[in-house]
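Visitor:
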């Protein structure tokens with residue numbers, strides 16, 4: 008079910024305004040550079056009447072087929088308990104481990120790769136958006152040109168430095184800023200199309216087809232630039248859980264889409280009259296007196312768009328940690344009222360370094376545009392593949408319907424993907440390399456954790472055997488409550504075995520706590536806790552959390568009170584295993600992957616901090632394991 012089930016009135020208006028700022032910031036700033044790249048980029052084509060109508064036709068149908076039909080009409084239906092995004096879609100098609108097949112593993116790896124591609128997108132979007140906005144200063148006076156790069160870098164660095172403070176105070180401005188931006192886009196475009204309404208002929212699809220046929224290879228390559236108009240489409244799906252379907256669809260069809268189309272057609276109308284302005288058609292349609300406020304507004308809009316992408320990278324990282332694809336990282340909640348506002352320091356600094364490096368390396372937004380698009384088109388292809396599985400397995404749609412829709416999606420997505428692949432030598436390799444590196448980290452961490460769990464099994468014993476042993480040969484008991492974190496619900500944690508071996512005592516109340524992350528976004532509180540009582544004062548607690556939730560021992564034992572168990576976390580002792588990891592000879596994985604796992608394990612958060620366990624009550628028991 009949708010998290011925001013059919014909102015109405017003020018609630019709908021509030022969500023729609025918020026969605027405008029967060030969901031459509033990225034796609035909403037594309038007019039700054041998309042049409043320009045079609046005619047003035049590295050692969051730009053001549054500004055002729057036929058070419059302008061052809062490009063506008065391709066832009067119109069790209070927005071209609073990819074954004075309006077594929078994502079807004081179809082893919083948005085595939086929510087995972089209200090959550091969207093390629094990672095949620097991946098968990099939606101993921102079977103239980105005992106039913107895992109080779110085909111299922113391929114789908115999961117594809118889904119993870121698509122999610123990893125969004126990190127590359129999160130680096131390029133702030134760079135190209137802010138740089139393209141600041142380049143407008145050159146239209147005021149050429150004296151600004153030497154300082155454009157410096158101003159862009161200053162804005163981006165400040166943006167990343169402010170992330171740790173959160174966006175709660177300025178977040179309320181996101182919607183109004185993009186509302187003003189979209190309204191301005193529409194008015195600028197309307198002014199131009201009134202002068203030359205013939206550009207609306209581009210709505211007819213044969214203008215686009217004629218463009219591709221007439222220009223052959225060059226026309227196909229220009230598709231890579233046309234795709235820039237749809238680069239924010241994946242973000243629309245990813246933000247489903249924050250706003251719900253109705254506000255997102257309402258905002259798109261009644262505001263964002265008309266504003267974008269009017270602006271693109273307005274730029275096209277101006278190019279028909281002044282082809283020499285192809286070097287920056289967006290600022291060319293801005294009245295001379297409005298250039299300075301327009302640069303300011305464009306910069307504000309691109310900051311909003313960048314903020315949304317950065318926050319999306321934080322959310323993606325948090326989900327990956329909970330699903331076991333990344334080591335534990337400190338996730339700081341920067342708002343007490345909005346759970347989506349989080350901060351992950353390592354991701355923030357990595358994004359900042361790469362974004363600054365991209366600006367310094369590419370120098371102009373036109374060169375950056377050459378690196379843009381491959382990541383998003385690849386992600387869209389994966390989304391179409393996973394969506395087919397959902398249609399067939401989850402919704403049980405008939406084969407002709409599912410195949411027909413997927414064929415349509417693939418024909419459009421693959422055309423844009425192939426066109427963008429021509430940019431590989433011009434910088435498009437960058438997001439692919441970033442995605443492959445992150446994917447290698449995720450798969451290494453998941454596999455290494457599985458190996459570690461298998462090795463830890465050799466140091467422990469089944470729970471049933473342990474209970475029989477302490478019943479037949481009871482150890483000395485001491486008053487108090489002891490909580491032992493365990494990876495498995497049916498084995499005794501290594502910390503318990505080591506504690507009994509060395510200290511030879513057992514607390515009067517013993518709790519084996521197994522915290523599980525389920526393949527759903529959230530677990531209702533009344534379903535979170537499983538409690539089982541054994542003899543000899545031993546209890547087993549299994550806590551279930553969704554991958555969008557943050558498990559803490561305070562919440563777990565607060566919910567345990569409903570089960571008749573009262574654990575005082577201020578006095579209880581928490582026993583945690585502290586594994587000393589070494590690379591085996593031979594290693595369980597390749598040596599570089601084993602070394603990578605050790606590096607990740609040493610730099611990840613310890614369980615005490617991650618689960619918010621009072622540090623003064625933690626007792627760590629060591630064990631040596633080889634990976």
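In our numbering, the protein residues as written are 8 to 634.
From the three backbone atoms N, C-alpha and C, an ideal C-beta is built for every residue, glycine too.
What you are looking at is a predicted structure, and each value in this text was computed from that prediction instead of being measured.
#1: Are the beta-carbon atoms of residue 266 and residue 45 separated by less than 8 Å?
#2: Rounded to a whole number of angstroms, what is the C-alpha to C-alpha distance between residue 76 and residue 83?
#3: Measuring only the C-alpha atoms, how far is residue 156 from residue 166?
#4: Leaving out the 5 sequence neighbours to the left and right, which residues in its chain are closer than 7 Å to residue 10 when beta-carbon positions are compared?
#5: According to DSSP, simplified to helix, strand and coil, what is residue 287?
#6: Against chain C, with Cβ distances strictly below 8 Å, would residue 160 count as a contact?
#7: Per DSSP, what kind of secondary structure is residue 17 in: helix, strand or coil?
#8: I need the straight-line Cα distance from residue 453 to residue 335, nearest angstrom please.
#9: Kindly confirm or deny that the region 135-155 and the region 104-124 touch, where touching means at least three C-beta pairs closer than 8 Å.
#10: Determine the direct distance from the alpha carbon of residue 612 to that of residue 561, and round the result to whole angstroms.
#11: By the 10 Å Cβ neighbour count, where 16 or more other Cβ atoms means buried, how is residue 328 classified, buried or exposed?
#12: Per DSSP, residue 538 is paired with what?
#13: Using a Cβ-Cβ cutoff of less than 7 Å, which residues in the same chain neighbour residue 311 once the five nearest sequence positions on both sides are dropped?
#14: Three-state secondary structure (DSSP) at residue 478?
#15: Would you mind working out which of 395, 438, 196, 396 sits nearest residue 378, comparing C-alpha positions?
#16: Report, in whole angstroms, the separation of the C-beta atoms of residue 628 and residue 591, which I expect to be a contact under 8 Å.
#17: Whole angstroms is fine: what's the gap from residue 8's alpha carbon to residue 392's?
#18: Is it true that the CB of residue 586 sits closer than 8 Å to the CB of residue 520?
#19: Please confirm whether residue 199 and residue 42 have their CB atoms less than 8 Å apart.
#20: Give the secondary structure of residue 630 by DSSP, where H, G and I count as helix, E and B as strand, and everything else as coil.
#21: Got a sec, what are the start and stop residues for the beta strand (DSSP E) residue 520 sits in?
#22: Go through its chain and collect everything with a Cβ distance to residue 486's Cβ below 8 Å, but skip five positions before and after it.
#23: Per DSSP, which residues does residue 340 bridge with? Please list them.
#24: With the cut-off set at 8 Å, would you say residue 535 and residue 509 are in Cβ contact?
#25: Determine the closest residue to residue 501 out of 470, 488, 229, with distance taken between C-alpha atoms.
#26: For residue 518 and residue 580, what's the separation of their Cα atoms in angstroms?
#27: Go to residue 571, then tell me how far its alpha helix (DSSP H) extends in each direction, as first and last residue.
#28: Leaving out five residues before and five after residue 424 in sequence, what residues of the same chain have Cβ atoms less than 8 Å from its Cβ?
#29: Under 8 Å between the Cβ atoms of residue 351 and residue 338?
#30: Excluding the 5 residues preceding and the 5 following residue 309 in the sequence, name in chain order all residues of the same chain whose CB lies nearer than 6 Å to its CB.
#31: Would you mind giving the Cβ-Cβ distance between residue 203 and residue 280, rounded to the nearest angstrom? I have them listed as a contact below 8 Å.
#32: Who pairs with residue 483 in a beta bridge, going by DSSP?
#33: Just how far apart, CA to CA, sit residue 507 and residue 573?
#34: When burial is assigned at 16 or more other CB atoms within 10 Å of the CB, is residue 575 buried or exposed?
#35: Whole angstroms is fine: what's the gap from residue 473's alpha carbon to residue 565's?
#36: What does a CB cutoff of less than 6 Å around residue 25 pick up in its chain, not counting 5 residues either side in sequence?
Guide: Considering the structure as presented:
#1: Here the question's residue 266 lines up with position 259 in the chain shown. Here the question's residue 45 lines up with position 38 in the chain shown. No; because the gap between Cβ atoms is not below 8 Å, this pair is not in contact.
#2: By one-based count along the chain shown, residue 76 stands at place 69. By one-based count along the chain shown, residue 83 stands at place 76. Approximately 10 Å, taken between the alpha carbons.
#3: Taking the chain shown and counting its residues from 1, the one referred to as residue 156 is at position 149. Taking the chain shown and counting its residues from 1, the one referred to as residue 166 is at position 159. The straight-line gap from Cα to Cα measures roughly 15 Å.
#4: Counting from one through the chain shown, the residue named residue 10 turns up at place 3. Any answer about residue 10 is weak, because its pLDDT of 44 lies below 50 and its placement is not dependable; what the coordinates show is given next. Excluding sequence neighbours, residue 10 sits near 89, 248, 251.
#5: The residue labelled residue 287 in the question sits at position 280 within the chain shown. Residue 287: coil per DSSP, three-state reduction.
#6: In the displayed structure, chain C is absent; only one protein chain is listed.
#7: By one-based count along the chain shown, residue 17 stands at place 10. Helix at residue 17.
#8: As a position in the chain shown, residue 453 is number 446, starting the count at 1. As a position in the chain shown, residue 335 is number 328, starting the count at 1. Approximately 12 Å, taken between the alpha carbons.
#9: Fewer than three pairs of CB atoms, one per stretch, sit closer than 8 Å, so the region 135-155 makes no contact with the region 104-124.
#10: Indexing the chain shown from 1 puts residue 561 at position 554. Indexing the chain shown from 1 puts residue 612 at position 605. Rounded to whole angstroms, residue 561 to residue 612 spans 18 Å at the Cα level.
#11: Position 321 of the chain shown, counted from the start, is the residue given in the question as residue 328. Buried, because 16 or more other Cβ atoms sit within 10 Å of the Cβ of residue 328.
#12: On the chain shown, position 531 is the one that residue 538 refers to. Answer is 548.
#13: For the purposes of this step, residue 311 is taken as the residue at position 304 of the chain shown. If we look at residue 311 and ignore the five residues flanking it on each side, its Cβ neighbours are 28, 32, 181, 184, 185.
#14: For the purposes of this step, residue 478 is identified with residue 471 of the chain shown, where counting begins at 1. Of the three classes helix, strand and coil, the one that applies to residue 478 here is helix, per DSSP.
#15: The count along the chain shown starts at 1 and reaches residue 378 at position 371. With respect to the C-alpha of residue 378, the residue from 395, 438, 196, 396 having the closest C-alpha is 438.
#16: Here residue 628 corresponds to residue number 621 of the chain shown, with the count starting at 1. Here residue 591 corresponds to residue number 584 of the chain shown, with the count starting at 1. No, residue 628 and residue 591 are not in contact; Cβ-Cβ is about 22 Å, not under 8 Å.
#17: As a working note, residue 8 is residue 1 in the chain shown. As a working note, residue 392 is residue 385 in the chain shown. Low local confidence applies: a pLDDT of 39 at residue 8 is under 50, so the model's placement there is unreliable, with the coordinate-based value given in what follows. Those two C-alpha atoms are separated by around 22 Å.
#18: Position 513 of the chain shown, counting from 1, holds the residue named residue 520. Position 579 of the chain shown, counting from 1, holds the residue named residue 586. No; because the gap between Cβ atoms is not below 8 Å, this pair is not in contact.
#19: Position 192 of the chain shown, counted from the first residue, corresponds to residue 199. Position 35 of the chain shown, counted from the first residue, corresponds to residue 42. Cβ distance not < 8 Å, so residue 199 and residue 42 don't count as in contact.
#20: Numbered from 1 along the chain shown, position 623 holds the residue referred to as residue 630. Residue state, collapsed to three classes: strand.
#21: Mapped onto the chain shown, residue 520 falls at position 513. Where residue 520 is concerned, the enclosing beta strand (DSSP E) stretches over 512-524.
#22: Residue numbering aside, residue 486 sits at position 479 when the chain shown is read from its first letter. Residues of the same chain with a CB within less than 8 Å of the CB of residue 486, apart from the 5 flanking positions on each side, are 514, 515 in chain order.
#23: Indexing the chain shown from 1 puts residue 340 at position 333. In DSSP, residue 340 forms a bridge with 349.
#24: Taking the first residue of the chain shown as 1, we reach residue 535 at position 528. Taking the first residue of the chain shown as 1, we reach residue 509 at position 502. For residue 535 and residue 509, no; Cβs fall outside 8 Å.
#25: Taking the first residue of the chain shown as 1, we reach residue 501 at position 494. Here the closest residue by C-alpha is 470.
#26: In the chain shown, counting from the first residue as 1, residue 518 sits at position 511. In the chain shown, counting from the first residue as 1, residue 580 sits at position 573. Looking at the two C-alpha atoms, the distance is approximately 10 Å.
#27: Position 564 of the chain shown holds residue 571. Taken as a continuous stretch (DSSP letters only), residue 571 belongs to no alpha helix (DSSP H), as it is neither H nor E.
#28: Counting from 1 along the chain shown, the entry for residue 424 is found at position 417. Closer than 8 Å at Cβ, skipping near neighbours: 381, 384, 385, 387, 388.
#29: By 1-based counting over the chain shown, the position of residue 351 is 344. By 1-based counting over the chain shown, the position of residue 338 is 331. In this structure, residue 351 lies near residue 338, with their beta-carbon atoms less than 8 Å apart.
#30: If you number the chain shown from 1, residue 309 lands on position 302. Result list for residue 309: 36, 136, 137, 140, in chain order.
#31: Translated into the one-based positions of the chain shown, residue 203 becomes position 196. Translated into the one-based positions of the chain shown, residue 280 becomes position 273. Yes, they are in contact, since the Cβ atoms of residue 203 and residue 280 sit about 7 Å apart, within 8 Å.
#32: Translated into positions along the chain shown, residue 483 becomes position 476. Residue 483 is bridged by DSSP to 512.
#33: Sequence index remark: in the chain shown, residue 507 carries index 500 (1-based). Sequence index remark: in the chain shown, residue 573 carries index 566 (1-based). Approximately 24 Å, taken between the alpha carbons.
#34: In the chain shown, the residue the question calls residue 575 occupies position 568. Exposed is the call here.
#35: Taking the first residue of the chain shown as position 1, residue 473 is located at position 466. Taking the first residue of the chain shown as position 1, residue 565 is located at position 558. Taking the straight line joining both Cα atoms gives about 28 Å.
#36: Here the question's residue 25 lines up with position 18 in the chain shown. Taken in chain order, the residues that qualify are 182.
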